[in-house]
Amino acid sequence: MTGVRLVRLYAVGRRVPHALMAIVAIAIGLRIALLGNWDAYGALQLPLCFEVAAAVSIVATAASPFGEQERVTGRWLPYLRLAVTTALTAAAIGALLVAAGTGGHPSGGTLDVLRNVAGITGIGLLCAAALGGGLSWTGPTAYLVAGVYALYTVWHPPALTTPWLWPARPPHDLAGALCAALVFAAGLAATALRGARDRPGDSE
Amino acid sequence: MTAVITSPAASRQTRRAKGLATPRLLWLELRHNAMAWLVPVAIGLFWLTTYHKTVAMAPFWDVRADSLQLNAMLDFAIPVTGAAAWMGSREARSRLTDQVTITARPRWARLLIPWAATTIWALTAYLGCVAWLYVETAHQAPWGGPLWWPVVVPAVGVAAFAALGFVVGTYLPSRFTAPLATIAAFFILALSTQLIHGSQSYWNVSPIVTGPWDMGPQPGVATFYPFVPDLSIAQVMFLGGLTVALLGALGLPAGAAGRALRAAAAGLTGAGLLAAGTAVGLAGTGTLGTHGMIDIPALHDAASDRPFQYTPVCSRTAIPVCLNPAYAGYLAATAHALAPLLNQLAGLPGAPARIVQDSVTYQQGTGNCVAVLWRGPSASATSLFSVVLADQLPGPAMTAAQVGDQVASMYVPDLVTRVIGDRPGASQAQSAVARALEMSSGTSSFMSFQGPQGPNSCGPEEQGAPSQRLEVAPGTPAYAAAKRFAALPPATRHAWLMRHAAALRAGQITLAQLP
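Respectively, the protein sequence lines represent chains A and B. Counting from 278, one number per residue, gives the positions in the first sequence under this note's numbering. Counting from 67, one number per residue, gives the positions in the second sequence under this note's numbering.
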C-alpha cells in the first residue's frame, strides 16, 4: 500500500493526471484533424504537430514542486521518474495510434509515431535536465519547426537527410530510429538519475 | 497633527522617480525574460530554415523577401509565443499573485511590461536576422529592392504572437500552457493555409501568405511592376488589431486597473477586434492582379499598376539582347546561347534590331491555380523581338546557363522563321536554310512556344502549340542541303544570306542553288 501511495503522490505532485488528460485531448484532436482533407504538406506535418504536443505534455511532468528536499530524501525518485516517464510515453504512443487506428491514416504509420514521440520526448527530457522542467518544452517545439522544414525539403531539394532530423526519414529507416532511440535513452537516463534542473517558478 | 510640507525639489524628485520607474521595470524584465534564453533557438531556426534556403534562391528581391516573410514568421512565432506564455504565467507559477496585487501600479500596466520585454528581445533578434539576410541579398541582387513590407509583416506578427502567448499564459497559468500554446500557434500558422482557395480567400490574411498560394515566389513578380503592398497592409492591420485587442483584454478583469483604465482597455479591445475583422474582410476582397500580386481594391494605389521605367542591360552581340536590370545576372548566359544565331541574322531583312525581355501576366484559375501568360513573338514588322526567360515562368529554379539554353530552344525557331519566312507553304530551300541555321546555332528543338497560354501552377506544363513549319526529315534532299549549308564557315554563310535573303524569302531560291 505504501508503494502505491508513493506512486500516487508522486504522480499528483508532477501533474501526471493533467498530462494524461492532455494526451487524451491531443489524441482526440488528431482523430478530428484526420477527418479533414489535407494536401501533401498538411498530411505530412499534421501527425508531427500532435506527436510533439504529446511529447511536451510528457516532459512537462519533469518539474518537481519540492526541489532539494525531495531530491535529498527521496531514494525511490530515480525509479519513479523512470517508470512514470516510460509509462507516459507508452500511453502517448498508444493513444495516438488508437486515435489514428480508428479510421484515420496518418502518414508514416505506427513506426513513425513510435519513433517521433520517443525521440522528441528524449529531446524534452534532455532540456529538462539542462534548462529545468519548466522550460523543457523549448527543445521539442524548436525541433518541430526543424522537423517540418526537413519534411518540406523532401519535396524541395536539397533535402536534409541527416538521421538526427528523423521525422523526415522513412518509417523503416534504421539510422533515424537509432538516433531517436539514443536521444530518448539519454533523456530518460539524465532525468531519472538527476531529475530536472530546479528553477524558481518551474513547479506549477 | 503633523503638517507635511513638500518642497518643489522633492516634488520634482518624485516625478522623476515615477518617470524612471517604467524604464527601470522594463530593464529588470529584459534581464529576466525567458525570450533571452530562446533568442539562440530562434536564430538557429532562422539559420536552418530561412537563411540557407533563401540565399540559395535566385537573387531577386521579391523572391527572397517572400521567403523571408514566410519562414521567419514561423521561426520567430514559435519561440516568442512560448516565452510570452511562460512570462504571462509567471506570477501564478511563482505564487506571487497576491503579493504583487497590492503594489501601487495597476495590474494591467504591470503586465504590459513583461510583454514589451519579450517582444523587444524577439524583435531585436528578428531584425538582426533580417539585416544578415538583406545585406547578403544586397550584394547579389542587382536591382529592385530592398522590399520592406515583407519585413514589417513578421515584425508585427512577432508582437501579435507575443501578445497571444502572454494572454493565454496570464489567464491559464499552468506548466502545460506554454508548450501547448506554442504548438497551437504553429498549427494555426502553418496549417491555416490549407484553407486558402484562390486570391479572394479570407485566409490570405495569414502572415505567412505573400501572394497567390501554391504558386511560390516568382522572379517575374515585382521586377517589371512595383511591389504591391495591399495584402501586406491588410496583414499588418490584422496583426496590429489582434495585438491591441489581446493587450486590451489584459486590462478587462476586475482588479486589473481602475474604472477609467478598464474602460480604456475595453475600448482598445473593441477597436483592435474591429481593425482585425476589417482586415480579414479586406483580405477577402483581394484579386490577383496581372502583375502577379494580390490587389485589394480598398487599399490599392493605382500607381503600382504602372510598369517600372528602367534602363535595360544589353549585351554586345551582333543584335543586342536587353534584359530587365534585375536579370543582369542572366545576360551573359542568354547572350551566349543566342549569339551564334544572332551573328547569322544581323543585318538581314526582317531581322530584329534588338531582343528585349518582356513581362509575363498572371491570371487566377480555379482554386489556387494561376496561369502565366505572355505575348507571343513580336510581328516581323517591329524592330524588337520579345522574349521571356524560363525563370519568369513557374517551374524548378534554374541556373543562368540553363535559362540561356532554355531561351535558345524557345526562341531560335521563331527568330529564324521571322527572317527566313519558313512558314506553311514555304519553299524547300527556305526550310533547309532554316534548319541549317538552327543546326549551326546549336539548337536541336523543333518546338517553339507560342502565346498566350503558358505553364501554370496547377500541374503539368501546358505548352503552346508547336510552330507549323515544314519539317526537314533526315534522308531527304532538303536535309542534305541543310547539313551542307550548316557546314559552311559562319562568315561564308552570313555573306550568302546577305546576298540572297530577299530572294529566299520570296521563294525564288531552289535547293540546288544553296551552296
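We treat Cβ as the ideally placed atom computed from N, Cα and C, and that holds for glycine.
Residue i - partner residues in DSSP beta bridges
i, result
"D361/B", "T353/B"
"A405/B", "None; A405/B has no bridge partner."
"L410/B", "Reading off the sequence shown, one finds Gln at residue 410/B, where the question assumed Leu. Note: Q410/B sits in no beta bridge, so no partner."
"T427/B", "L439/B"
"I421/B", "V387/B and F451/B"
"C380/B", "C388/B"
Rounded straight-line distance, which links the Cα of residue j to that of residue i
i, j, result
"A546/B", "T465/B", "36 Å"
"S413/B", "L459/B", "Contrary to the premise, residue 413/B reads as Gly rather than Ser in this sequence. Straight-line Cα distance between these residues: approximately 31 Å."
"G399/A", "A462/A", "7 Å"
"F293/B", "G395/B", "21 Å"
"G358/B", "S298/B", "14 Å"
"A419/A", "I274/B", "18 Å"
"T184/B", "A403/B", "54 Å"
"Q574/B", "N409/B", "24 Å"
"T338/A", "G453/A", "26 Å"
"I421/B", "V453/B", "7 Å"
"G508/B", "F327/A", "55 Å"
"L365/A", "A251/B", "24 Å"
"G487/B", "V387/B", "22 Å"
"A411/B", "P324/A", "Here residue 411/B is Leu; the residue named in the question, Ala, does not match the sequence. Answer to the nearest angstrom: the Cα atoms are 60 Å apart."
"A311/B", "A399/B", "53 Å"
"P526/B", "T483/B", "In this predicted model, P526/B has a pLDDT of only 41, less than 50, meaning its place in the structure is not dependable; the value taken from the coordinates is given anyway. P526/B and T483/B: Cα-Cα distance of roughly 28 Å."
"P555/B", "A423/A", "58 Å"
"A436/A", "A288/A", "42 Å"
"R90/B", "N137/B", "34 Å"
"V121/B", "L134/B", "10 Å"
"A317/B", "W174/B", "First, the residue type needs correcting, since residue 317/B is Gly and not Ala in the sequence shown. One C-alpha to the other measures close to 5 Å."
"G280/A", "L354/A", "12 Å"
"S370/B", "L455/B", "23 Å"
"A578/B", "F451/B", "32 Å"
"T259/B", "G85/B", "45 Å"
"L465/A", "V394/A", "13 Å"
"G290/A", "R392/A", "28 Å"
"A143/B", "F227/B", "6 Å"
"G39/B", "Y268/B", "The question about residue 39/B has no answer, for chain B in this structure spans 67 to 581."
"R565/B", "L407/B", "17 Å"
"G517/B", "P479/B", "With a pLDDT of 42 at G517/B, under the threshold of 50, the predicted position of this residue should be treated as unreliable, though the coordinate-derived value follows. If you take the alpha carbons of G517/B and P479/B, they lie about 14 Å apart."
"A299/A", "G352/B", "39 Å"
Local Cβ density within 10 Å of residue i, reported as buried at 16 or more and exposed below that
i, result
"A473/A", "buried"
"L140/B", "buried"
"R352/A", "exposed"
"Q322/A", "buried"
"D376/B", "One point to set straight first is that residue 376/B is Tyr, not Asp, in the sequence displayed. Exposed, by the Cβ-count rule."
"M303/B", "buried"
"F515/B", "No answer about F515/B holds up, because its pLDDT of 42 lies below 50 and its placement is not dependable."
"Q165/B", "exposed"
"T335/B", "buried"
"G321/B", "exposed"
"L580/B", "buried"
"S449/B", "exposed"
"V460/A", "buried"
"V426/B", "buried"
"V105/B", "buried"
"L312/A", "exposed"
heavy atom of the ligand PLP below 7 Å from residue i C-beta
i, result
"Y426/A", "Among the components of this structure there are no ligands whatsoever, and the ligand PLP is therefore not found."
- Query: With contact counted as at least three CB pairs below 8 Å, one residue from each stretch, are the segment 187 to 198 of chain B and the segment 215 to 228 of chain B in contact?
  - Reply: yes
- Message: If contact is defined by three or more beta carbon pairs under 8 Å, each pair taking one atom from either stretch, is the segment 329 to 341 of chain A in contact with the segment 445 to 460 of chain A?
- Response: They do not touch, by the three-pair rule.
- Segments of 4+ residues assigned as alpha helix (DSSP H) that fall wholly inside the segment 275 to 327 of chain B: 296 to 316
- Query: Contact between the segment 399 to 417 of chain A and the segment 147 to 156 of chain B: three or more CB pairs below 8 Å?
  - Reply: yes
- Task: Determine contact between the segment 204 to 216 of chain B and the segment 119 to 133 of chain B, defined as no fewer than three beta-carbon pairs at a distance below 8 Å.
- Result: yes
- Query: Looking at chain D, which residues of the segment 392 to 414 of chain A have a Cβ within less than 9 Å of any of its Cβ atoms?
  - Reply: Here the protein chains are A and B, and chain D is not one of them.
- Contact the segment 542 to 560 of chain B vs the segment 488 to 504 of chain B: 3+ CB pairs below 8 Å: Between the segment 542 to 560 of chain B and the segment 488 to 504 of chain B there are three or more C-beta pairs closer than 8 Å, enough to call the two in contact.
- Query: If you scan the segment 192 to 249 of chain B from start to end, which runs of the alpha helix (DSSP H) of 4 or more residues do you find wholly inside it?
  - Reply: Correct list: 215 to 237.
- Query: Taking contact to mean at least 3 C-beta pairs separated by less than 8 Å, is the segment 253 to 263 of chain B in contact with the segment 324 to 339 of chain B?
  - Reply: no
- Task: Please determine if the segment 328 to 344 of chain B and the segment 382 to 391 of chain B are in contact, where contact requires at least 3 C-beta pairs separated by less than 8 Å.
- Result: no
- Message: Can you confirm whether the segment 175 to 182 of chain B touches the segment 93 to 103 of chain B when touching is taken to mean that 3 or more C-beta pairs between the two stretches lie within less than 8 Å?
- Response: Segments in contact, yes.
- Where are the alpha helix (DSSP H) runs, 4 residues long or more, that stay fully inside the segment 96 to 123 of chain B, in chain order? Unbroken alpha helix (DSSP H) stretches of 4 residues or longer found wholly inside the segment 96 to 123 of chain B: 100 to 111 and 118 to 121, given in chain order.
- If you scan the segment 148 to 197 of chain B from start to end, which runs of the beta strand (DSSP E) of 3 or more residues do you find wholly inside it? Scanning the segment 148 to 197 of chain B from its first residue to its last, no whole beta strand (DSSP E) run of 3-plus residues comes out.
- Message: Within 8 Å, do at least three Cβ pairs link the segment 427 to 435 of chain A to the segment 363 to 377 of chain A?
- Response: no
- Message: At 4 residues or longer, what runs of the alpha helix (DSSP H) sit wholly inside the segment 448 to 497 of chain B?
- Response: 466 to 486
- Complete runs of the alpha helix (DSSP H) confined to the segment 391 to 441 of chain A [at least 4 residues]: 415 to 432
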